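Visitor: The following block contains the structure, expressed as structure tokens.
Protein chains in written order, with this note's numbering: chain L, 3 to 621; chain U, 320 to 416.
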């Protein structure tokens, strides 16, 4: 065992420019201060990236990182993250996926892999324990993500290898191209485009080593107890195994918070056609779980009849049902499955892709984009054929797809004519499928987050299930901070959000502490874990402030600040700027950030030991 | 005597085998009483989807009486129901996406 349990104790550095690799030792201090995953990602990128670099240039880096629990049987330990400077936001970005990639990286003896430089020709890399090889990927360039994985497993005679790769969208630098392993997507933020800019097609991993914990009996006791509780819990034991994330679709609509037709409204009149219940009955052929996870929330779908017959899809998840369904005015689960499948093949983030398409649809319907400007497509909401054609054009950067591949915010700026109002983004990232207008705490969490329009920092769940009142402002800064601390620790352990019902829904709990300690043996106290979360969060903020981020950039999408929800149970709700500014004041105060600039104060950075950030931000 | 319309969502529909059901209520009966009646009517699978059998606690979810939202964990489950009310039981999930 390394100094602490769970860790491999080293990172692998891959220099694509010089085709060289080296090992970087993990230090005891870094493990204790940044824990893993998210923490490692921001620590490495803060230290190694110069501010102002082009996210799609050779100076950017991509970090794959796991946490201490990956490779163990802790429920949901199949998860791991991808970290980079995002070509969409220009800020630090972290995105995660389940599956088995993270554990395999640990079995190969690495806590993470740093990809840097730029290859002149397409390349893939094999990591079989300590044996690293740089290989020509010319024959893979242009192949979709599933073809790529299939070819590599066959050619390398490694049927069980874990492969992270990009599709044609990443190769063509679509700014919201993602990284795929298996059929799981580290979807958001454009890591696929960054890898594409490096001509990096795939990372193939196979490992044969153990992940060790200090006391196996104690560990097994904790894990057995967790599995029992996961099975009994109505959420993790019943709801998610039955319908997966699509189960929430009708609930969102019933509350009047289901983004519809580019968020013009939040009630979708045809929701019953795209519900999790109908999906289960019509399409689901099998349930699937990620490594070490007893929840089995993934649904494998097969379209049996109609124009999309023969489509086989892992998913769609709720976010995709929202993105290609209600938010594009489409009421066909079969088309959503088709669009999801194509997105996975091309390596496109379904949330951002759906969002740029719904943005284009609204611009078209409002006369901002003419039929001629959208390559003759009839881009009215609900037009399934046009949606699929546009998706393809985006992946190829063809015609109007080239403009939309820049993301909604950049496209809107270029289009002008008031199109900015219809780009539903925060900090350049298209908003996920939860309502900032109808969930006040979630709204603040998003606005103040590093990533922007993500549902992974501000969290919608606590408010949606009534643990926190979604309509009032009271206590929302505290709620936003509590959930951000929670997600930061979840993402540093690399456990899935689906554990929230067991490990803690609105804040870090003793459950997180117990898992961290039984795996690592660090003996951390709860306040120390909260400090780790704050250290990581503040370093992310410092990264962004170093890029020029300030208080005025912590804002919602224009629509959510100016247009109340027009109908339904949440009618009248929105987030006017004065309300947000008031909440931000309190939030900054609690965070220890300067109210005027939004930069963490020297005292805050000093308390967390972030001297490098003091050096950079207080020159 | 009166009647309330109960609308079910997500996996509660699977367990009940229906999207909505009319339930008879007596004068003064509450949401808590209604939950008991639903559990008796639809059986253990339904009960296990709204209440954790290990802890005996209700899962966190929103119950809507008309447009009024009542939390299963911190709301007033003694809220009295009236003849003609529509009660929606939203998806009980203690975590997620």
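Beta carbons are placed, not taken as given, at the ideal position from N, Cα and C, and that holds for glycine.
Here the structure is a predicted model, which means the values were calculated and not measured.
#1: Using the Cα positions of residue 449 of chain L and residue 428 of chain L, report the straight-line distance between them to the nearest angstrom.
#2: Which residues of chain L have a Cβ atom closer than 8 Å to the Cβ of residue 394 of chain U, listed in chain order?
#3: Could you tell me which whole alpha helix (DSSP H) segments of length 4 or greater appear in the segment 297 to 364 of chain L?
#4: Would you say residue 400 of chain U faces chain L, with C-beta separation under 7 Å as the test?
#5: Leaving out the 5 sequence neighbours to the left and right, which residues in its chain are closer than 6 Å to residue 329 of chain U when beta-carbon positions are compared?
#6: I need the straight-line Cα distance from residue 498 of chain L to residue 387 of chain U, nearest angstrom please.
#7: Quick one: list the residues of chain L neighbouring residue 350 of chain U, beta-carbon separation under 9 Å, in chain order.
#8: If you count every other CB in all the chains shown that lies within 10 Å of the CB of residue 359 of chain U, and 16 or more means buried, which is it?
#9: Should residue 391 of chain U go down as buried or exposed, given a rule of 16 or more other Cβ atoms within 10 Å for buried?
#10: Taking the straight line between their C-alpha atoms, what separation do you get for residue 57 of chain L and residue 503 of chain L?
#11: Can you pull out the residues from the segment 555 to 585 of chain L whose beta carbon lies closer than 7 Å to at least one beta carbon of chain U?
#12: Indicate whether at least one CB of chain U lies closer than 7 Å to the CB of residue 235 of chain L.
#13: Per the DSSP calculation, residue 290 of chain L is bridged to which residue(s)?
#14: Whole-angstrom Cβ separation of residue 550 of chain L and residue 348 of chain L, contact assumed at under 8 Å?
#15: Residue 602 of chain L bridges to which residues according to DSSP?
#16: Does residue 212 of chain L pass the burial test, meaning 16 or more other C-beta atoms within 10 Å, or should it be called exposed?
#17: As a quick exercise: from L:571, L:44, L:98, L:382, pick the residue whose alpha carbon is nearest that of residue 457 of chain L.
#18: Do residue 351 of chain L and residue 318 of chain L have their CB atoms nearer than 7 Å?
#19: With DSSP collapsed to three states, give me the class of residue 539 of chain L.
#20: The beta strand (DSSP E) with residue 202 of chain L in it runs from where to where?
#21: Relative to chain L, which residues along the segment 354 to 383 of chain U have a C-beta separation below 9 Å, given in chain order?
#22: Which first and last residues belong to the alpha helix (DSSP H) in which residue 392 of chain U is found?
#23: If we call anything under 7 Å between Cβ atoms a contact, is residue 491 of chain L one with residue 517 of chain L?
#24: Should residue 353 of chain U go down as buried or exposed, given a rule of 16 or more other Cβ atoms within 10 Å for buried?
#25: Rank L:216, L:117, L:325, L:210 by C-alpha distance to the C-alpha of residue 166 of chain L and give the top, closest one.
#26: Can you tell which of L:145, L:204, L:13 has the C-alpha that lies nearest to the C-alpha of residue 137 of chain L?
#27: Note the first and the last residue of the continuous beta strand (DSSP E) segment covering residue 263 of chain L.
#28: Does the segment 601 to 620 of chain L come into contact with the segment 527 to 544 of chain L, if we say contact requires no fewer than three beta-carbon pairs (one atom in each stretch) closer than 8 Å?
#29: If you run the structure through DSSP and keep just helix, strand and coil, what is residue 630 of chain L?
#30: DSSP state of residue 610 of chain L, grouped into three classes?
#31: Taking a contact to mean a Cβ-Cβ separation below 7 Å, would you say residue 279 of chain L touches residue 368 of chain U in this structure?
#32: Can you tell which of L:481, L:227, L:426, L:477 has its C-alpha closest to the C-alpha of residue 558 of chain L?
#33: Residue 114 of chain L lies in the beta strand (DSSP E); which residues open and close that run?
#34: Taking contact to mean 3 or more Cβ pairs, one atom from each stretch, closer than 8 Å, check whether the segment 576 to 588 of chain L and the segment 122 to 136 of chain L are in contact.
#35: If you reduce the DSSP assignment to three classes, tell me which class residue 1 of chain L lands in.
#36: Taking Cβ to Cβ, would you say residue 263 of chain L is nearer than 7 Å to residue 66 of chain L?
Guide: Taking the coordinates as given:
#1: Here residue 449 of chain L refers to the residue found at position 447 of the first chain. Here residue 428 of chain L refers to the residue found at position 426 of the first chain. Computed Cα separation, rounded: 7 Å.
#2: Counted from its first residue, the second chain places residue 394 of chain U at position 75. Going along chain L in sequence order, the residues near residue 394 of chain U (Cβ under 8 Å) are 468.
#3: Whole alpha helix (DSSP H) segments, 4+ residues: 335 to 348.
#4: Here residue 400 of chain U corresponds to residue number 81 of the second chain, with the count starting at 1. No, no contact with chain L.
#5: Residue 329 of chain U sits at position 10 when you count from the first residue of the second chain. Short of 6 Å from the beta carbon of residue 329 of chain U, and not among the five residues preceding or following it, lie these beta carbons of its own chain, in chain order: 410.
#6: Start at 1 with the first residue of the first chain, and residue 498 of chain L comes out as number 496. Start at 1 with the first residue of the second chain, and residue 387 of chain U comes out as number 68. Their backbone Cα atoms lie some 32 Å apart in a straight line.
#7: Locating residue 350 of chain U in the second chain gives position 31, counting from the first residue. Per Cβ cutoff of 9 Å: no residues; residue 350 of chain U is ~12 Å from chain L at best.
#8: Stepping through the second chain from its first residue, residue 359 of chain U is reached at position 40. When all chains shown are included, residue 359 of chain U counts as exposed.
#9: As a working mapping, residue 391 of chain U is identified with position 72 in the second chain. Buried: at least 16 other Cβ atoms inside 10 Å.
#10: Position 55 of the first chain holds residue 57 of chain L. Position 501 of the first chain holds residue 503 of chain L. Going by the C-alpha atoms only, they are around 37 Å apart.
#11: Under the 7 Å Cβ criterion, the segment 555 to 585 of chain L contributes 571.
#12: On the first chain, position 233 is the one that residue 235 of chain L refers to. Chain U, which has a Cβ nearer than 7 Å to the Cβ of residue 235 of chain L, makes this yes.
#13: The residue labelled residue 290 of chain L in the question sits at position 288 within the first chain. Paired residues: L:300.
#14: For the purposes of this step, residue 550 of chain L is taken as residue 548 along the first chain, with counting starting at 1. For the purposes of this step, residue 348 of chain L is taken as residue 346 along the first chain, with counting starting at 1. The Cβ separation is near 32 Å, so there is no contact.
#15: Counted from its first residue, the first chain places residue 602 of chain L at position 600. Residue 602 of chain L pairs with L:595.
#16: For the purposes of this step, residue 212 of chain L is taken as residue 210 along the first chain, with counting starting at 1. Under this definition residue 212 of chain L is an exposed residue.
#17: In the first chain, residue 457 of chain L corresponds to position 455, counting from 1. Shortest Cα-Cα distance from residue 457 of chain L to any of L:571, L:44, L:98, L:382 involves L:98.
#18: As a position in the first chain, residue 351 of chain L is number 349, starting the count at 1. As a position in the first chain, residue 318 of chain L is number 316, starting the count at 1. Going by beta carbons, residue 351 of chain L and residue 318 of chain L fall outside the 7 Å limit.
#19: Translated into the one-based positions of the first chain, residue 539 of chain L becomes position 537. In the structure shown, residue 539 of chain L sits in a helix (DSSP, three-state: H, G or I).
#20: Taking the first residue of the first chain as position 1, residue 202 of chain L is located at position 200. Per DSSP, residue 202 of chain L belongs to the beta strand (DSSP E) from 202 to 208.
#21: Correct list: 364, 367, 368, 369, 370, 371, 372, 373, 374, 377, 378, 379, 380, 381, 382, 383.
#22: Along the second chain, read from residue 1 onward, the residue named residue 392 of chain U stands at position 73. Premise fails: residue 392 of chain U is in no alpha helix (DSSP H) and is neither H nor E.
#23: Translated into the one-based positions of the first chain, residue 491 of chain L becomes position 489. Translated into the one-based positions of the first chain, residue 517 of chain L becomes position 515. No, the Cβ-Cβ distance between residue 491 of chain L and residue 517 of chain L is not below 7 Å.
#24: Sequence index remark: in the second chain, residue 353 of chain U carries index 34 (1-based). That one is buried.
#25: In the first chain, residue 166 of chain L corresponds to position 164, counting from 1. Of the candidates L:216, L:117, L:325, L:210, the one whose C-alpha sits nearest the C-alpha of residue 166 of chain L is L:117.
#26: Position 135 of the first chain, counted from the start, is the residue given in the question as residue 137 of chain L. Checked all of L:145, L:204, L:13; the closest Cα to residue 137 of chain L is L:204.
#27: Translated into the one-based positions of the first chain, residue 263 of chain L becomes position 261. Where residue 263 of chain L is concerned, there is no enclosing beta strand (DSSP E), given that its DSSP letter is neither H nor E.
#28: Segments in contact, yes.
#29: With chain L covering 3 to 621 only, the question about residue 630 of chain L has no answer from this structure.
#30: Locating residue 610 of chain L in the first chain gives position 608, where the first residue counts as 1. Reduced to three states, the DSSP call for residue 610 of chain L is coil.
#31: Start at 1 with the first residue of the first chain, and residue 279 of chain L comes out as number 277. Start at 1 with the first residue of the second chain, and residue 368 of chain U comes out as number 49. Not a contact, by the Cβ cut-off of 7 Å.
#32: Within the first chain, the letter at position 556 stands for residue 558 of chain L. Here the closest residue by C-alpha is L:426.
#33: For the purposes of this step, residue 114 of chain L is identified with residue 112 of the first chain, where counting begins at 1. Unbroken beta strand (DSSP E) run through residue 114 of chain L: 114 to 118.
#34: Touching, no.
#35: Look at the range of chain L in this structure, 3 to 621, and you will see that residue 1 of chain L is not part of it.
#36: The residue labelled residue 263 of chain L in the question sits at position 261 within the first chain. The residue labelled residue 66 of chain L in the question sits at position 64 within the first chain. No.
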